[in-house]
Every structure is written in C-alpha cells, then in structure tokens.
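Asks: Can you keep this structure in mind? I'll have questions shortly.
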Amino acid sequence: NKGLVDFHDLKEKEHGIYLWQGDITALKIDAIVNAANSQMLGCFCPCHGCIDNAIHTFAGVGLRNACAGIMRRQGHLEQTGSAKITSGYNLPARYVIHTVGPIIADAVQEKDRRALRACYLSSMALAEQYELESVAFCCISTGEFHFPNHLAAEIAVETVREYQKSSNLKVVFNVFKDLDRQIYEELLGERQ
4 NKGLVDFHDL KEKEHGIYLW QGDITALKID AIVNAANSQM LGCFCPCHGC
54 IDNAIHTFAG VGLRNACAGI MRRQGHLEQT GSAKITSGYN LPARYVIHTV
104 GPIIADAVQE KDRRALRACY LSSMALAEQY ELESVAFCCI STGEFHFPNH
154 LAAEIAVETV REYQKSSNLK VVFNVFKDLD RQIYEELLGE RQ
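Under this note's numbering, the first residue of the sequence shown is numbered 4, with each subsequent residue one higher.
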C-alpha cells in the first residue's frame, strides 16, 4: 500500500473540476490518462522519470501486453491527439486512457495547439463512451515532449471547461511539479 488517494476525497476547484498534486499511479479513480508515445508500449528507457514509464511500471506487464495487442491489430503508430483505453491492471484506477501529445521541437504552432486540444477531447469522449464518471489528466506533452507548461495548462483548462458544458464527466488535473500546481491554481481561479 503506497498511500492510495481516492478521487472522492478530493475537493472541487470549480464544478466538476479538481486539482491534485501527487503520484497519478496512486489515484483511485475511473481512469487516468497516460501521455503515451506513438508506439504505445511504454517508455523504452529503463528507470526513466516520465509518466509513461511510471504508469507502465505500476500497472504491470498486462498493460504492455494489452497495448501491444492494440498496436498489432491497428497495424500503425498511434496518431497524435487520438486515444485508446485499456484496463488499469495493477493500478487503483480502473482504466488507463492512452493519448499521444504533440512533440515540440521549436516554437509552438497552431497545429500543436489543436493536437493537444484533441488529446483532451478524445480522452474525455472515450471515457464517456465507456460510461466512466471520472478521469484524471496528467500534464500532457509538457515533460519529454517540451510543450510549454503554461500554454498547455491554458489549453487543458479551456478544453475541459468547454467540454463540460454538455457533460457530467468529472475531471482531475493531476500535477506533479509545484510549478504546474501554481499554474493550474491560477487558471482555475479565473472564469472565462
């Protein structure tokens, strides 16, 4: 027992939106979102500190096998902005939703903004398709994929708020770094 946190114990920042700082692999919730690579097989760098590696490590080998099966049937790399769902296996989350965020090599382009928005939209739509009530998002693309943290958070909050106008899905913004917590606290203190 590594100190599980039940989603139901979190406090709303605004209607249907929560902010939680901690290890996403310890969150008991319907689904967590994994910032996956296009191969969807987890991180290939042993002991790497990325979210993809953490999720695959704590979920266990069943997750990698499930992702390998999806990729085998699909026959091509996962597209940026799309989402796939698997069981959570050894995680306290019932499901893992895998989405591939945009990789930023230089300046952020409009296509990158649209792709990041698509990650959130496709993940939430998939959660609702599976009749899930709650989903936790990591800070998609801000780590190894170099999307600027503040801009990524702005896109995430705006997209979720817009989506929730016609949905009852509860969304947790999961942050690990203090910087990201400060950014989300600032954004969730504002209503647009």
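Heads up, the beta-carbon is just placed ideally off N, CA and C, and yes, glycines get one too.
#1: To the nearest angstrom, how far is it from the Cα of arginine 117 to the Cα of serine 125?
#2: I believe threonine 83 touches alanine 57 by the beta-carbon criterion, under 8 angstroms. Please report the beta-carbon distance rounded to the nearest angstrom.
#3: Are three or more beta carbon pairs between the segment 61–71 and the segment 162–173 nearer than 8 angstroms?
#4: Counting C-beta neighbours from all protein chains within 10 Å, is the total for glutamate 134 16 or more, i.e. buried, or is it exposed?
#5: Alanine 96: buried (16+ other C-beta within 10 angstroms of its C-beta) or exposed?
#6: Pick from Ile107, Ile143, Val178: whose alpha carbon is nearest that of alanine 39?
#7: Mapping the DSSP letters down to three states, classify lysine 168 as helix, strand or coil.
#8: Grouping DSSP H, G and I as helix and E and B as strand, with all else coil, what is valine 111?
#9: When DSSP labels each residue in this structure, what does serine 85 get in the three-state scheme?
#10: Considering only residues of the same chain and omitting the five flanking positions on each side of methionine 74, which have a CB-CB separation below 6 angstroms?
#11: Out of curiosity, what's the CA-to-CA distance linking alanine 128 and isoleucine 100?
#12: Taking a contact to mean a Cβ-Cβ separation below 8 angstroms, would you say valine 138 touches leucine 13 in this structure?
#13: Which residue marks the beginning of the beta strand (DSSP E) containing isoleucine 35, and which one marks its end?
#14: Assuming contact is defined by CB atoms lying nearer than 8 angstroms, are leucine 190 and valine 160 in contact in what I supplied?
#15: Give me the residue from Gly65, Glu131, Ala156, Tyr123 with the minimum Cα distance to lysine 180.
#16: Kindly indicate the opening and closing residues of the alpha helix (DSSP H) around phenylalanine 2.
#17: Let me check understanding here. Comparing Cα to Cα, which of Trp23, Ser41, Ser90 lies closest to aspartate 33?
#18: Within a Cβ cutoff of 6 angstroms, which residues of the same chain sit near glutamine 195, ignoring the five residues on either side of it in sequence?
Replies: In brief:
#1: 12 angstroms
#2: Taking the Cβ atoms as the reference, threonine 83 lies roughly 21 angstroms from alanine 57, outside the contact range of under 8 angstroms.
#3: No: the two stretches stay apart, fewer than three of their Cβ pairs being nearer than 8 angstroms.
#4: So glutamate 134 counts as exposed.
#5: buried
#6: Nearest C-alpha to alanine 39: Ile143.
#7: Looking at lysine 168 - three-state DSSP - the assignment turns out to be helix.
#8: coil
#9: coil
#10: Met43
#11: 11 angstroms
#12: no
#13: Here the beta strand (DSSP E) through isoleucine 35 covers 34–39.
#14: Taking 8 angstroms as the Cβ cut-off, leucine 190 and valine 160 qualify as a contacting pair.
#15: Nearest option by C-alpha distance: Ala156.
#16: Nothing can be reported for residue 2, as the shown portion of the chain is limited to 4 through 195.
#17: Ser90
#18: Low confidence applies here, because glutamine 195 scores a pLDDT of 48, under 50, leaving its location unreliable; read the following figure in that light. None.
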